[in-house]
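Residues 259 to 853 in the working numbering are what the sequence shown spells out, letter by letter. Note that the Cβ used here is the ideal one computed from N, Cα and C, for glycine as well. First comes the structure, then the notes that go with it.
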Amino acid sequence: WMSWGYLVNPGNHIGFNGSYERTCGVLLTVLGVLYMSTVLGLVVDVIREKMDQLKMGRNVLEEGHSVILGWTDRAPLIIEEIILANESEGGGQIVVLADEPAKDVIEAEVHMRFRGRMLGTRVIVRHGSPMLTQDLKKVSVDRARSAIVLSQTGGDADKSDALALRMVLALKSIGDLDGFVLVEIRDVDNEPLVRLVGGDAIETLVSHDTIGRMMVMASRNPGLSRVYGEVLGFDGDEFYMSAHAELDGRTFGELQAMFPDAVPIGVASADENRIWLKPSLGRVMKPGEKVAEDDDTYAPRPPADAAPGALPSSTARPPAVETMLFCGWRRDIRDIIHHLDRLVMPGSAIHRAIHLCTDAVPLHERDVKLAEEGLDVNELEHLRIEHFHLNTSVRRKLEDLPLEDYTSVMIFPDQAYEEDMMHSDSHAVATLLLIRDIQAKRLVHRVEAVTRAPRKSAERIAAGVTKWRDRALPPKCPMICEILDPRTQATIEQNTSVMGSSDFCQSNRLCAQVLAMISENRGVKLLLDELLSPDGTSFYVHSAKDYVGADEALTFYDLAARCARCNHEILIGYQDTESLETQINPRDKSTSKHW
């Protein structure tokens with residue numbers, strides 16, 4: 259008993275006087291300290307392990323939920339879109355499985371961003387690796403309606419896609435899935451392998467390629483980026499497909515006036531494996547076929563009256579040779595160039611200005627780099643490429659370029675700044691403002707040169723001023739600028755001078771919106787592929803004067819019928835050139851107005 263007292267209480271031997279007793283007391287005390295420390299350490303480790311397991315969370319016992327595998331800058335944006343999609347159903351469940359960052363960090367970010375805006379949806383976070391089967395079972399991925407595999411935004415694209423492939427292999431090992439898996443891919447060359455491994459349960463989205471195609475289309479059609487911003491995502495009007503028995507036997511032309519709350523844009527097969535956008539007006543709806551619409555709160559009604567009338571006389575503008583400026587080196591630039599080569603006239607050119615920094619591709623290696631990525635510049639049919647080595651955020655460097663002669667400008671996040679979104683956005687906005695300022699000043703100088711020119715009549719001076727104004731003002735030189743950080747976009751929208759100087763493509767948000775839409779409705783993938791294909795049906799923004807006379811007042815139904823019968827086009831909305839407001843699927847389609 260005395261020995262036990264020496265072990266647990268080091269002060270028990272203080273009263274000993276003999277050297278033998280003191281020596282035994284000291285030894286027993288030292289042994290007691292070591293023993294108790296070991297026991298306490300083991301107890302603390304066991305308790306800490308149990309606490310960590312509690313923090314990681316229990317298995318999720320849900321069905322029909324949405325699963326997000328991985329955590330990147332796009333994950334909160336995807337959650338925001340799915341919350342909006344679940345609002346009409348009273349809410350839902352979103353489960354996030356990620357090994358980085360920690361579970362409590364993700365939960366804190368979700369709470370901070372969506373406090374008071376959950377709209378009935380619960381976000382459940384579990385810690386684990388999406389590449390391990392046991393962790394995937396923890397979130398009941400086999401019973402989910404859809405799972406989104408997010409690729410890492412930084413680092414090597416091939417490495418990121420390899421990790422995504424491992425997640426697909428892990429998902430396949432679980433067995434049959436109730437839903438499907440949407441995999442985000444960074445390099446288009448890796449998509450076939452992922453699809454081969456995943457089979458029918460997998461849908462893929464090459465995020466960089468999708469945004470690149472949107473930017474190409476928007477650069478050639480001012481205002482189109484705002485259309486994409488309105489139709490993508492769940493905040494407003496979005497794409498839906500639904501079958502209506504009362505439409506069987508109706509022609510597609512009749513459908514245009516039968517939906518006061520939606521705009522029919524196409525027809526989908528009953529299984530949604532095929533879709534026909536903008537079919538012929540005489541195409542007859544078959545039983546089971548679905549109407550592709552841009553709103554979810556719609557139902558067919560008796561056809562509204564529409565008086566299309568005839569198009570006003572106008573002079574068609576012949577296609578012209580283009581000279582485009584690309585600022586920044588984008589990883590999938592070869593796909594953008596291939597896409598453009600199929601759209602432009604022969605003799606068109608691309609001037610590529612790349613930032614001068616340690617991570618930038620050297621001037622003499624750029625054609626070689628493109629060849630390594632699968633683009634031989636000598637095989638381009640309509641385009642030629644010229645390279646410039648300069649910092650596009652430095653004015654004196656930009657002034658060496660013929661900025662007043664470009665037909666369009668595209669500003670990409672430079673590859674050197676890809677992992678620093680705020681730096682990338684700052685560089686892109688600085689480039690944009692400098693280009694617009696130089697263009698404006700050169701316009702003034704040329705107008706002054708014309709007005710000071712001797713021996714010219716007033717008519718020739720006026721013609722010269724009109725020529726240079728029409729050639730160099732911003733509306734005649736479309737500009738599209740890619741923005742990565744949503745905070746930058748919010749700042750830009752509050753500055754009317756910056757907002758009016760260019761169209762902006764908020765790539766992370768658009769990618770998140772596309773991923774969320776496909777995860778909620780798999781058939782949307784076919785629709786988006788068609789809209790963004792160079793050979794498919796696309797959105798366009800045209801001037802109202804091409805369709806409506808100066809003093810003519812028409813309803814939306816009248817104008818839609820005119821577009822359909824005269825040009826075989828589908829009218830989905832309109833833009834206000836002064837306020838820059840884009841109105842898709844207007845609610846009042848029966849009131850006449852001057853366009």
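Extent of the continuous alpha helix (DSSP H) run through residue i
i, result
"Phe814", "Phe814 to Asn825"
"Ile432", "Ala415 to Ile432"
"Arg453", "Glu449 to Gly456"
"Arg592", "Ile591 to Asp599"
"Glu788", "Val782 to Leu790"
"Arg484", "Leu482 to Val489"
DSSP-derived helix/strand/coil call for residue i
i, result
"His502", "coil"
"Tyr293", "helix"
"Arg610", "strand"
"Trp726", "Note that Trp726 scores 44 on pLDDT, short of 50, meaning its location in the model is unreliable; the coordinates nonetheless yield the value given after this. Looking at Trp726 - three-state DSSP - the assignment turns out to be helix."
"Glu740", "strand"
"Cys585", "strand"
"Ile828", "coil"
"Thr509", "strand"
"Leu641", "strand"
"Val542", "strand"
"His800", "coil"
"Ala568", "coil"
"Asp200", "This structure cannot speak to residue 200, because the chain is shown only from 259 to 853."
"Met473", "helix"
"Ser277", "helix"
"Gly283", "helix"
"Thr468", "helix"
"Leu435", "coil"
"Met309", "helix"
"Ala520", "coil"
"Val635", "helix"
"Asp493", "coil"
"Arg700", "helix"
"Arg713", "Since pLDDT at Arg713 reaches only 49, below the 50 mark, its modelled position is unreliable, and the value read off the structure follows with that caveat. Coil at Arg713, not helix or strand."
"Gly921", "No answer is possible for residue 921: it lies beyond the span of the chain, which begins at 259 and ends at 853."
"Leu319", "coil"
"Ala688", "helix"
"Arg694", "helix"
"Met603", "coil"
"Gly579", "It should be pointed out that residue 579 corresponds to Val in this sequence rather than to Gly. It is coil, neither helix nor strand."
"Val288", "helix"
Option in the options with minimal Cα separation from residue i
i, options, result
"Met679", "His323, Asp331 and Gly290", "Asp331"
"Phe438", "Ala811, Val542, Leu342 and Lys783", "Lys783"
"Val521", "Arg532, Ser346 and Pro558", "Pro558"
"Phe492", "Leu773, Gln752, Cys585 and Thr849", "Leu773"
"Leu812", "Leu790, Ser850, Val318 and Ala515", "Ser850"
"Ile533", "Ile643, Lys548 and Ile738", "Lys548"
"Ala568", "Leu454, Asp834, Glu358 and Glu810", "Glu810"
"Val318", "Val291, Trp853 and His385", "His385"
"Ser666", "His681, Arg654, Leu583 and Ser606", "Leu583"
"Ser477", "Met603, Phe762, Met376 and Arg780", "Phe762"
"Pro844", "Glu496, Gly457 and Pro518", "Pro518"
"Glu637", "Leu691, His596, Lys655 and Leu648", "His596"
"Ile247", "Tyr486, Val652, Ile469 and Asp436", "This structure leaves residue 247 out entirely; the chain is present only between 259 and 853."
DSSP bridge partner residues for residue i (one or two, in chain order)
i, result
"Lys548", "Ala501 and Ala526"
"Lys851", "Leu812"
"Trp534", "Val525"
"Gln833", "Thr840"
"Phe646", "Ala611"
Start and end residues, beta strand (DSSP E) containing residue i
i, result
"Glu442", "Phe438 to Ile443"
"Val383", "Arg380 to His385"
"Ser324", "Ser324 to Leu327"
"Thr462", "Ile460 to Val464"
As an exercise, report each continuous alpha helix (DSSP H) stretch of at least 4 residues that is fully enclosed by the region 746-777, in chain order. Fully enclosed alpha helix (DSSP H) runs of 4 or longer: 754-757.
Uninterrupted beta strand (DSSP E) stretches inside the region 653-685 (no shorter than 3 residues): 666-669
For the region 331-413, list the alpha helix (DSSP H) runs that are entirely contained and at least 4 residues long, ordered along the chain. 333-344, 361-372 and 391-396
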